[in-house]
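Protein sequences appear in the order of chains A and B. Residue 22 in my numbering sits at position 22 of the first sequence; the count goes up by one each step and never skips. Residue 1089 in my numbering sits at position 89 of the second sequence; the count goes up by one each step and never skips. Just so it is clear, CB atoms sit at the ideal spot from N, CA and C, and this is done for glycine as well. All remarks here apply to the structure that follows.
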Amino acid sequence: MNDVQLARRLERALIDDERTHEMGVRIVVAGGRIVASGEVASEERRQAVLAVICEADPGLPVSDQLTLASPDAPPPSGHERIIPPEH
Amino acid sequence: MSASPDPVRIAAVGDVHMGPDIRGRYRPALAALPEEADLLLVAGDLTQHGLVEEAEVFAEEFSDLGVPVITVLGNHDYHADLELKIRKVLSDAGITVLEGEGVVVPTPAGDVGVAGAKGFCLGFSGRRASYFGEPEMKAFTGHGQHSAELLRKAFQGLDAPVRVGLTHFSPVVDTLSGEPPEIWAFLGNYLLGDAIDEAGADLAIHGHAHAGVEKGITPGGVPVRNVAQPVIRTAYRVYDVVPGGTP
Ligand SMILES: [Fe+2]
Ligand SMILES: [Fe+2]
């Protein structure tokens, strides 16, 4: 298995695994390590992602570059005026 | 010269993927909703794994907000085959779940009709799955076609001066920009766009495409908004729509 195949296999595991179902985590395998990046919603979801990668046991060190969504309520946003088509 | 009529204020978000680990994250941001909007649409993927306990967290966050809350389910909400139980948790909490149905919401600026259906994969004109070959392929394609029929049905008899299509899957490719083109066929279905155009809707709201963009338009000119939370990065967007079109 080459680096690209391993990365795709890990991304697939993160989508399919019952603990994660994470669609937004990107895996790159380069320079003899696994880099996980992308945003997850909570520390629990970050730990689950790392657990799934480690259990796949590729024997390479894992670099955790995941970012956590803000634990605060998301900010408000303004209004957009919608112009419907002429029917 | 008369003042332009008041707009209907439609708040929308999708893909909040709730679970017990993020309980309490949305509710504070939704407190001002009655001042900002007349209703809230939630475009599916209410839960992360499709579990009832996650739906209960969604209900805690999104019930009794002071405005009607209208949802469709997303693919994540179907994952554990518990979608009927999830619907019950939501409806018991006063949250409307649409699948092939429409609902009319009265607002100070006039009625809003919301036609809702989850939608499905299929792809887009010229790059779509065909109803041909193996039974598995026919099942996939058939479900995509049926999902658009459900949306079409939801618009039938929906009588309101402002009408909105609410789906989880995308009706257009525009809002998928940023997603790899190889997976567009799994993110949406152009027949949903056809249903929206045939109905003469004023606005189409969807989610699902977390790496897409917010704004698009159907071939018939209906504004499309992808409100997946990772796209809008806010608690909700508000779209102001004037009944009867532009003054
Ligand atoms: Fe989603
Ligand atoms: Fe989705």
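Per DSSP, reduced to three states, the secondary structure at PHE1169 of chain B is coil, with no helix or strand assignment. Inter-segment contact for the region 1212-1227 of chain B and the region 1011-1030 of chain B is present: three or more beta-carbon pairs are separated by less than 8 Å. The three-state secondary structure of VAL1162 of chain B, taken from DSSP, is strand. Of all residues in the region 1184-1203 of chain B, those with a C-beta nearer than 7 Å to a C-beta of chain A are GLY1200, ASP1202 and LEU1203, reading in chain order. Among the bridge pairs identified by DSSP, ASP1240 of chain B is matched with A:ARG81 and B:ARG1009. By the CB criterion at 8 Å, LEU60 of chain A and ARG33 of chain A fall inside the cutoff. According to DSSP, LYS1215 of chain B shares a beta bridge with B:ARG1225. The beta carbons of LEU1084 of chain B and GLY1113 of chain B sit about 25 Å from each other, so the pair does not count as a contact at 8 Å.
Secondary structure note for GLU39 of chain A: its beta strand (DSSP E) is the uninterrupted segment 33-40. Between ILE1232 of chain B and chain A, the shortest Cβ-Cβ separation is below 8 Å. Annotated three-state conformation of HIS1206 of chain B is strand, per DSSP. Taking 8 Å as the cut-off, the Cβ atoms of SER1125 of chain B and TYR1078 of chain B do not count as close. Of all residues in the region 23-49 of chain A, only MET23, GLY24, GLU39, ALA41, SER42, GLU43, GLU44 and ARG45 come within less than 9 Å of chain B when Cβ atoms are compared, listed by chain position. In chain order, ASP72, ALA73, PRO74, PRO75 and PRO76 make up the part of chain A whose C-beta sits under 9 Å from the C-beta of ALA1029 of chain B.
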